[in-house]
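What follows is a set of notes on a single structure, which appears directly below.
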Amino acid sequence: MSKVMVTGASGFVGAAAVRALLDQGDEVVAIVQPGLSAKRLDGLPVSRVTLDLDDSAAVERKLGEVQPETILHAAWYTNPKDYLTSPLALASLHAATSLFQAAARQRCRRFVGIGTCLEYGRSDRPRHESDACEPRTLYAACKLSAWLVCRALAEQAGVSATWARLFYLYGPDENPGRVLPALVAALRAGKAFPMTEGSQVRDYLHVDDAGRALALLCGCEADGVVNVASGQPTALRDFAQTAGAILGAESHLRLGEVPARRDEEMFIVANIARLRGLGFEPKHVTLRDGLDHALKNWRTA
1 MSKVMVTGAS
11 GFVGAAAVRA
21 LLDQGDEVVA
31 IVQPGLSAKR
41 LDGLPVSRVT
51 LDLDDSAAVE
61 RKLGEVQPET
71 ILHAAWYTNP
81 KDYLTSPLAL
91 ASLHAATSLF
101 QAAARQRCRR
111 FVGIGTCLEY
121 GRSDRPRHES
131 DACEPRTLYA
141 ACKLSAWLVC
151 RALAEQAGVS
161 ATWARLFYLY
171 GPDENPGRVL
181 PALVAALRAG
191 KAFPMTEGSQ
201 VRDYLHVDDA
211 GRALALLCGC
221 EADGVVNVAS
231 GQPTALRDFA
241 QTAGAILGAE
251 SHLRLGEVPA
261 RRDEEMFIVA
271 NIARLRGLGF
281 EPKHVTLRDG
291 LDHALKNWRT
301 A
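Last residue of the sequence shown: 301 (the numbering used here), numbering continuous.
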């Protein structure tokens with residue numbers, strides 16, 4: 001058993017990781033930003049700590065008190081409306097680098113940070129961890145910068161550091177502004193759901209499987225970048241039609257009524273050989289299984 005401090009613990013991804021860490025027997029200290037709801041943590045046997053990650057002195061004091069063996073940093077600005085372009089990504093970058101510095105000073109044994117598939121450059125094949133990065137948004141640039149700083153600090157301090165690059169996650173408790181909640185809300189209300197023709201190919205993974213992967217990374221010694229994804233290419237239209245079929249409302253989908261963005265990347269899929277080599281296998285093997293689970297356990301975030 002290890003003591004793991006999880007920042008952003010009340011978030012969509014953070015809460016899934018907390019559940020998985022508890023399942024593997026770890027002690028969890030859940031960090032929640034002031035003013036944010038922590039209802040995703042309700043009923044979980046964790047130590048909750050309200051802490052402003054922008055207050056570097058308070059963060060250092062808390063690390064000294066808690067003395068975690070591992071930190072999983074899941075906190076970041078992710079409002080679906082503007083997270084790709086918002087300057088608040090710079091504040092998240094500053095908070096992350098301050099946390100990395102404090103963790104190194106407090107001799108934390110291991111650091112696991114959460115990155116994004118959007119750090120990679122364009123490609124027509126599955127992204128491998130060794131592929132070149134070419135972030136095209138402020139969000140992705142700040143994520144990549146956070147990893148570069150984290151890696152350098154870890155090398156100087158002689159500690160272990162892993163960067164988990166997440167691809168496209170779905171599941172219960174998603175932010176209402178994301179695609180699946182918007183689709184579910186429309187279809188359950190019997191309303192039409194206009195969308196693009198859906199030829200964009202993505203790599204979808206149930207958030208619970210992502211949580212399990214993150215818990216695995218917290219408990220191993222795999223340094224460097226690790227893709228967290230299913231490794232399966234799925235067209236957006238297939239994702240939407242599968243959800244529509246489960247809800248019995250596939251006829252409400254309006255494919256092709258929304259024009260695709262001119263600059264949209266059409267193929268974003270992961271090579272997950274490294275993650276599989278660490279022992280990871282998704283619980284929800286098929287998209288149908290994962291979406292069926294998500295929709296049967298649907299909750300409003």
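Cβ coordinates follow ideal geometry from the N, Cα and C atoms, glycine included.
Owing to the predicted nature of the structure, the values given are computational and were not obtained by experimental measurement.
When the beta-carbon positions are compared, H293 and D208 come within less than 9 angstroms of each other. In terms of Cα proximity to G158, the closest of A164, R165, C150 is C150.
K191 counts as exposed, since fewer than 16 other C-beta atoms from the protein chains shown sit within 10 angstroms of its C-beta. With 16 or more other Cβ atoms inside 10 Å of its own Cβ, S230 counts as buried.
When the Cα atoms are used, L93 and A140 turn out to be separated by approximately 11 angstroms. Annotation for L51: I31, A58, V59, K62 place their beta carbon closer than 7 angstroms to its own, counting only its chain and skipping 5 residues before and after.
By the Cβ-count criterion, N227 is buried, with 16 or more other Cβ atoms from all chains shown falling within 10 Å of its own Cβ. Counting only unbroken stretches of 3 or more residues, the beta strand (DSSP E) elements lying wholly within the region 90-156 are 110-116, in sequence order. Closest in C-alpha terms to A152, from the list A243, F111, L44, R237, comes F111. Sixteen is the threshold: since fewer than 16 other Cβ atoms of the shown chains lie within 10 Å of the Cβ of G121, the residue is exposed. Here the C-alpha atom of L21 lies approximately 8 angstroms from the C-alpha atom of R212. Distance check between G113 and each of A154, E27, P126, R19 places A154 closest, using alpha-carbon atoms only. When the five nearest sequence neighbours on each side are left out, the beta carbons in the same chain lying within less than 7 angstroms of the beta carbon of A161 are those of F111, C150, R151, A154, D223, in order along the chain. Cβ contact annotation for G198 (same chain, cutoff 7 angstroms, sequence separation greater than five): A235, L236, R237, A240, L255, in chain order. Taking C-beta separations shorter than 8 angstroms and ignoring five residues to either side along the sequence, the partners of A91 in its chain run D54, Y77, following chain order. Between the alpha carbons of R299 and V28 lies a gap of roughly 23 angstroms.
Counting only the Cα atoms, E221 lies some 13 angstroms from I71. Every unbroken stretch of the beta strand (DSSP E) spanning 3 or more residues and falling wholly within the region 244-299 is given here in chain order: 253-255. Per the DSSP secondary-structure output, D203 pairs in a beta bridge with P233.
If the five residues before and after E265 are omitted, its C-beta is found closer than 7 angstroms to the C-beta atoms of R122, all from its own chain and listed in chain order. Residues G14, A74, A75 of the same chain have their beta carbon placed closer than 6 angstroms to that of G8, with the five preceding and five following residues left out of the count. Taking V4 as reference, the option from I272, A215, P233 with the minimal CA-CA separation is A215. Of the residues S10, N79, L88, the one whose Cα lies closest to the Cα of A38 is S10. Between R105 and V269, the gap from beta carbon to beta carbon reaches 9 angstroms or more. Secondary structure note for V184: its alpha helix (DSSP H) is the uninterrupted segment 179-188.
Looking at the backbone, the Cα of R109 and that of Q24 are separated by about 19 angstroms. Looking from the CA of P176, the closest CA among G64, G35, P80 belongs to P80. The continuous beta strand (DSSP E) containing L169 extends over residues 168-170. For L72, DSSP records a beta bridge to V6, V112. Membership of V228 in the beta strand (DSSP E) is indicated by the continuous run 224-228. Annotated three-state conformation of S56 is helix, per DSSP.
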